[in-house]
Amino acid sequence: MSTQPKLGRISSIRDRVEDTLSAHRNELISLLSRINENFVLELDFEPFNATFPRPTRSASIGNGVQFLNRHLSSIMFHNKDSLQPLLDFLRVHKYKGHVSMLCYALLIK
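When the sequence shown is numbered by our numbering, its final residue is 128 and no position is left out of the sequence of numbers.
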């Protein structure tokens, strides 16, 4: 589970879902009963992105695509092995039998 104490900061608690839900069942029910129309309870379990990069500066909030592009391009250009999957991806995109994403010089290598 994650909480966001302030903009750009997320605190995560990692535990077995079954244990957590059963241990805190009464607290969750109490919390749900106090919620009115002005507030929304959001449970975000995020099982697939525990190691995914998160923006830490408040200026990055709301610019998720730009943040991820910078993060991924930084990794890609600092590690030469990261470029091969990108090149393979671009090679397979064809239009009427012609590779449309790369110049000929890159195709023959």
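Glycine residues also receive a C-beta, built at the ideal position from the N, C-alpha and C atoms.
Throw me the rounded Cβ distance for the P72 and H90 pair, which I believe falls under 8 Å. Within the sequence shown, numbered from 1, the residue matching residue 72 stands at position 53. Within the sequence shown, numbered from 1, the residue matching residue 90 stands at position 71. Confirmed, about 5 Å.
Tell me which same chain residues have a C-beta within less than 8 Å of the C-beta of I94, skipping the five on either side of it? Locating residue 94 in the sequence shown gives position 75, counting from the first residue. Answer for I94: S101, listed in chain order.
Determine the DSSP secondary structure at K115, reduced to helix, strand or coil. Here residue 115 refers to the residue found at position 96 when the sequence shown is read from its first residue. Of the three classes helix, strand and coil, the one that applies to K115 here is coil, per DSSP.
Between the beta-carbon of L109 and the beta-carbon of L121, is there less than 8 Å? Taking the sequence shown and counting its residues from 1, one reaches residue 109 at position 90. Taking the sequence shown and counting its residues from 1, one reaches residue 121 at position 102. Contact flag set, yes.
Helix, strand or coil at P104 [DSSP, three-state]: Translated into positions along the sequence shown, residue 104 becomes position 85. Note: P104 maps to helix in three-state DSSP.
State the DSSP-derived secondary structure class of I94, mapped to helix, strand or coil. Indexing the sequence shown from 1 puts residue 94 at position 75. Reduced to three states, the DSSP call for I94 is helix.
Suppose you measure from the CA of S49 to the CA of R76; what does that come to, to the nearest Å? Position 30 of the sequence shown, counted from the first residue, corresponds to residue 49. Position 57 of the sequence shown, counted from the first residue, corresponds to residue 76. S49 and R76: Cα-Cα distance of roughly 33 Å.
Quick one: grab the DSSP three-state call for N82. In the sequence shown, counting from the first residue as 1, residue 82 sits at position 63. Coil at N82, not helix or strand.
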